[in-house]
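> Counting from 1, one number per residue, gives the positions in the sequence shown under full-length UniProt numbering.
Backbone N, C-alpha and C define an ideal beta-carbon position, used for all residues, glycine too.
Shown below is the structure under consideration.
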Amino acid sequence: MTSQTLQQQLLPEIMKTSGIKNVILYDVTTRILPGVASAVVAFVTKRVQNRAKKLYSGVLQKSGIKEERKGTILLERDYKLVKESNDMFDAVLSIASDLPHARFVKRTANGIFIVETKDAIALNADISFAKLMTAETDGEVQKMVIEVFSFTKDIVQIRDYLTALEQEHAKNRGNKLGRQIYYFDEIAVQPMMRPAPAGGAAMVPDLSRSPPVLTFTMFPLQTNKSLNNIYGASVRKAVHRVNFFLANQGWYRDKGIPYTLGILLHGAPGCGKTSFIKGLAKDTNRHVVNIKLRECTTVQQINNIFYSHRVNVVRDGATSTFDIPVDRRIIVMEDIDCLSSIILDRALVESRPLEHSTEDCNRINLSVLLNILDGILETPGRIVVMTSNAPWKLDPALVRPGRIDVSIEFQKCSIQDIMDMVEGICDIKLDPKQAHGLLHRVWTPAEVTKVIFENLDDVARALEMFRSPPINDKARTSCDSSRTTRDGARTS
């Protein structure tokens, strides 16, 4: 291949690459010097990122230059043998065949998805996979050899990556739910009762006879909500924190910070708390496990929710158990200030009779809950969401940093929120002057959405409506202004 031919082949690709204006094309026919090759490598890896990495691979392939690998691990799979040692191989094949840039994947007669190319496929930014050999008989794969390699990571780092991949694959193998996410809602079970220790006719829950696990119903969680289409400055701040949490597990490990996320959502009804939970579930691809803390919730039951992978479900009268790791679920406690008095500020709650606090060691209390959220036992990847309409009632120890990392107040819409929602839903760009006269903190997001939907073809009319209070507020104001006095005279 001549220099001119190589340049002609690469130039269109180079010019398509964002940010590249001038590139020195070198002549493969005039002795590729190590210094030139190194310069090309440095330029591509540092200046061009993803698109340039593809270009660089093309340069190396066409020119015959071979970059030195820092580490390579060969994995072999004999499909006639079934053993646990195959998990690492299957994990790599599973993730490789699930990548959008795999391009062509074949499902064999024995149900195995394999990548139909010998080209290297990037598993992440640093580690790649390539299929070396496949032996098939009558369409069934008998044997396969693959390699996992890196130009930047050494053998130890590649092995750690593969081990983590293997563990993740083992979790997914026990998953009976497929790719669908579900909403698990706790069933309130009436506890067995017993006479109160103080005697008399009073009855109290007999926690010694409570089941060890909570029971749930389950429904597919279908939603178009996303954190990207929920509006408000406080929400944007929370989205940034969630994205950082999901993308930086190594950062938490290096800094010695527990890899957990606690979120408190509070504010008036209709302002977006439930929408945030649905968007969080969709964007993180996690199931929602909604629990209802009650006076009869036991220590064993709450421990099993936070530390066990199993979720007990009743469907059509039959009981089944699903394996859902903690890092695949969002534990939700909605309206937590209404669920149980144990989480209320101890300074605001009257002391309960002594027998209610000491009669049963299985009775949940604030200390138990605090220890689960921020105690010795850690549950990496855990996300807990609490919602409240009265956060000032919650005990300060429950919502302190470390247990609650993000506190979001959902308010009625600001003027900017209304503008953002109109632009986002109607796919238009408003003139800043159109914000004139819009009411601040009067309309809830639910009310704003309803008005926009009713006026999709008349944005001006929708904006005009936001310059007056909602109809319900008007009716309430009218009612208040027309109250009669005791002697029958009207106040207006």
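In this structure, does DSSP put PRO211 in helix, strand or coil?
Counting from one through the sequence shown, the residue named residue 211 turns up at place 211. Residue state, collapsed to three classes: coil.
> Counting only the same chain and skipping the five closest in sequence on each side, list residues whose C-beta sits under 7 Å from that of SER414.
Position 414 of the sequence shown, counting from 1, holds the residue named residue 414. Around SER414: HIS440, ARG441.
> Would you call the segment 403–414 and the segment 255–265 in contact, with 3 or more CB pairs under 8 Å?
They touch, by the three-pair rule.
> Could you give the DSSP three-state label for PRO195: helix, strand or coil?
Residue mapping note: residue 195 aligns to position 195 of the sequence shown, counting from 1. Looking at PRO195 - three-state DSSP - the assignment turns out to be strand.
> Can you have a look at HIS287 and say buried or exposed, based on whether 16 or more other CB atoms are within 10 angstroms of its CB?
As a working note, residue 287 is residue 287 in the sequence shown. HIS287 comes out buried.
> Check whether the Cβ atoms of THR321 and VAL311 lie closer than 8 Å to each other.
Looking up residue 321 in the sequence shown gives position 321. Looking up residue 311 in the sequence shown gives position 311. Yes. Within cutoff.
> Assuming the contact rule is C-beta atoms closer than 8 Å, residue 527 and ILE336 should be a hit. Round their C-beta distance to whole Å, please.
Residue 527 lies beyond the residue range present for the chain, which begins at 1 and ends at 492; the question has no answer from this structure.
> Would you report the Cα separation of ALA170 and VAL326, rounded to the nearest angstrom?
Numbered from its first residue, the sequence shown carries residue 170 at position 170. Numbered from its first residue, the sequence shown carries residue 326 at position 326. Answer to the nearest angstrom: the Cα atoms are 14 Å apart.
> Using DSSP's beta-bridge definition, name the partner residues of SER388.
Position 388 of the sequence shown, counted from the first residue, corresponds to residue 388. Partner(s): HIS266.
> Below 8 Å on the Cβ atoms is my guess for ALA164 versus PHE129; work out the distance and round it to an integer in Å.
Against the sequence shown, residue 164 aligns to sequence position 164. Against the sequence shown, residue 129 aligns to sequence position 129. That pair is no contact at about 15 Å.
> From what residue to what residue does the alpha helix (DSSP H) around GLN142 run?
For the purposes of this step, residue 142 is taken as the residue at position 142 of the sequence shown. Not the alpha helix (DSSP H): GLN142 falls in the beta strand (DSSP E), residues 140–150.
> Where does the unbroken beta strand (DSSP E) through TYR231 begin, and where does it stop?
On the sequence shown, residue 231 is found 231 positions in, with the first residue counted as 1. Counting along the chain, TYR231 falls outside any beta strand (DSSP E), and DSSP gives it neither H nor E.
> Can you say whether residue 493 is buried or exposed, counting buried as having 16 or more other CB atoms within 10 angstroms of its CB?
It is not possible to answer for residue 493, since the shown part of the chain is limited to 1 through 492.
> Can you give the Cα-Cα distance for ASN472 and VAL448, rounded to whole angstroms?
The count along the sequence shown starts at 1 and reaches residue 472 at position 472. The count along the sequence shown starts at 1 and reaches residue 448 at position 448. So the two alpha carbons sit approximately 13 Å from each other.
> I'd like to check one pair, LYS118 with ARG77: are the Cβ atoms closer than 8 Å?
On the sequence shown, residue 77 is found 77 positions in, with the first residue counted as 1. On the sequence shown, residue 118 is found 118 positions in, with the first residue counted as 1. The answer is no: Cβ separation not under 8 Å.
> To the nearest angstrom, how far is it from the Cα of VAL145 to the Cα of ASP90?
Residue mapping note: residue 145 aligns to position 145 of the sequence shown, counting from 1. Residue mapping note: residue 90 aligns to position 90 of the sequence shown, counting from 1. Whole-angstrom Cα-Cα distance: 11 Å.
> In the DSSP assignment, find the alpha helix (DSSP H) that holds residue 497 and state where it starts and stops.
Absent from the structure is residue 497, since the part of the chain shown begins at 1 and ends at 492.
> Select from THR152, THR137, ASN362 the residue whose C-alpha is nearest the C-alpha of ASN124.
Mapped onto the sequence shown, residue 124 falls at position 124. Answer by Cα proximity: THR152.
> For LEU339, collect the residues of the same chain with a Cβ closer than 7 Å to its Cβ; drop the 5 residues on either side in sequence, then sort them by chain order.
Against the sequence shown, residue 339 aligns to sequence position 339. Excluding sequence neighbours, LEU339 sits near LYS292, LEU293, ARG294, MET333.
> Find the nearest neighbour of MET88 within the set LEU74, HIS101, PRO100, judged by alpha-carbon distance.
Numbered from 1 along the sequence shown, position 88 holds the residue referred to as residue 88. Closest option to MET88, Cα to Cα, is LEU74.
> Please name the residue, chosen from ILE331, LEU221, LYS433, that lies closest to ASN303 on a Cα-to-Cα basis.
Locating residue 303 in the sequence shown gives position 303, counting from the first residue. Ranking the options by Cα distance to ASN303, first place goes to ILE331.
> On a CA-only basis, which of ILE121, GLU423, ASN243, ILE343 is nearest ALA281? Give me that one, please.
Taking the first residue of the sequence shown as 1, we reach residue 281 at position 281. Among ILE121, GLU423, ASN243, ILE343, the Cα nearest to that of ALA281 belongs to ASN243.
> Identify every residue that forms a DSSP beta bridge with PHE245.
On the sequence shown, position 245 is the one that residue 245 refers to. None; PHE245 has no bridge partner.
> Leaving out the 5 sequence neighbours to the left and right, which residues in its chain are closer than 6 Å to ASN455 when beta-carbon positions are compared?
Numbered from its first residue, the sequence shown carries residue 455 at position 455. Correct list, in chain order: ARG461, ALA462.
> According to the Cβ coordinates, are ILE114 and LEU132 closer than 8 Å?
Within the sequence shown, numbered from 1, the residue matching residue 114 stands at position 114. Within the sequence shown, numbered from 1, the residue matching residue 132 stands at position 132. No, the Cβ-Cβ distance between ILE114 and LEU132 is not below 8 Å.
> Between the Cα of ALA233 and those of PHE410, ASP457, MET465, spot the shortest distance and give me the residue it belongs to.
Position 233 of the sequence shown, counting from 1, holds the residue named residue 233. Among PHE410, ASP457, MET465, the Cα nearest to that of ALA233 is on PHE410.
> Within the continuous beta strand (DSSP E) that includes VAL332, where are the two ends?
In the sequence shown, residue 332 corresponds to position 332, counting from 1. Element bounds for VAL332: 329–333.
> For HIS266, is the classification buried or exposed, using 16 other Cβ atoms within 10 angstroms of its Cβ as the cut-off for buried?
Numbered from its first residue, the sequence shown carries residue 266 at position 266. By the neighbour-count rule (16 or more Cβ atoms within 10 Å), HIS266 is buried.
> Hey, could you find the ends of the beta strand (DSSP E) THR137 is sitting in?
Taking the first residue of the sequence shown as 1, we reach residue 137 at position 137. Taken as a continuous stretch (DSSP letters only), the beta strand (DSSP E) holding THR137 covers 127–137.
> From PRO380, ARG400, VAL385, ALA390, pick the residue whose C-alpha is nearest to that of LEU370; which is it?
Locating residue 370 in the sequence shown gives position 370, where the first residue counts as 1. When each option's Cα is compared against that of LEU370, the closest is ARG400.
> Short check: CB of ARG253 to CB of VAL289, under 8 Å?
The residue given as residue 253 occupies position 253 in the sequence shown. The residue given as residue 289 occupies position 289 in the sequence shown. Cβ distance not < 8 Å, so ARG253 and VAL289 don't count as in contact.
> On the premise that LYS278 lies in contact with LYS225, defined as a C-beta separation below 8 Å, what is that separation, rounded to the nearest angstrom?
Start at 1 with the first residue of the sequence shown, and residue 225 comes out as number 225. Start at 1 with the first residue of the sequence shown, and residue 278 comes out as number 278. LYS225 to LYS278, Cβ: 4 Å. Contact.
> Assuming GLU186 and LEU214 are in contact, meaning their beta carbons sit under 8 Å apart, how far apart are those beta carbons, in whole angstroms?
Counting from one through the sequence shown, the residue named residue 186 turns up at place 186. Counting from one through the sequence shown, the residue named residue 214 turns up at place 214. 5 Å between Cβ atoms; contact.
> Got a sec, what are the start and stop residues for the alpha helix (DSSP H) VAL459 sits in?
For the purposes of this step, residue 459 is taken as the residue at position 459 of the sequence shown. It spans 459–465 - the alpha helix (DSSP H) in which VAL459 sits, taken as one unbroken run.
> Going by CA-CA distance only, name the one from GLY317, ILE121, MET193 that's closest to ARG209.
For the purposes of this step, residue 209 is identified with residue 209 of the sequence shown, where counting begins at 1. Checked all of GLY317, ILE121, MET193; the closest Cα to ARG209 is MET193.
> When you compare the CB positions of residue 494 and MET421, do they come within less than 8 Å of one another, or not?
This structure leaves residue 494 out entirely; the chain is present only between 1 and 492.
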